[in-house]
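In what follows, a single structure is set out as structure tokens and then discussed.
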Amino acid sequence: MNVDIEFFSEDAIENIATCLDYKIDKVIFIGYHEPMNTARTRNFAGLIKNIIGINNIEFIEVIEHDLDDIVQKLEDIVTHEKKEKNKCYFDLTGGDNLG
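As numbered in this note's numbering, residues 328 to 426 make up the sequence shown, in order.
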């Protein structure tokens, strides 16, 4: 399974660009609480599911400006996905300035 680890952006196209260009099976968004509020995550998840056909979508919140928290959560994600024999890809375009 190909997993896109994406830094959440308020700009919808930034969040789906990699999914449009590559064969992605799962998307994991990383971001702060406020930009990833319930309405936005629901809208983006619907867009990705209905238009692109990716049904496996996760949203992981990180503590604002806490580099240790961000690094730990990224390590946890990659470790988990590798145990599942998935390939992880990081989309570094867009997203808020994390860290």
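Note that CB positions come from ideal geometry on N, CA and C, so glycine has one too.
Nothing here was measured: the structure is a model prediction, and the numbers come from that model.
Straight across, the Cα-Cα distance linking residue 380 with residue 358 is about 22 Å. Rounded to whole angstroms, residue 351 and residue 382 show a C-alpha spacing of 10 Å. In this structure, residue 374 sits near residue 343, with a CB-CB distance shorter than 8 Å.
Looking at the DSSP output, residue 342 bridges to nothing. The beta carbon of residue 363 lies closer than 8 Å to those of 335, 356, 386, 388 in the same chain, with the five residues before and after it left out.
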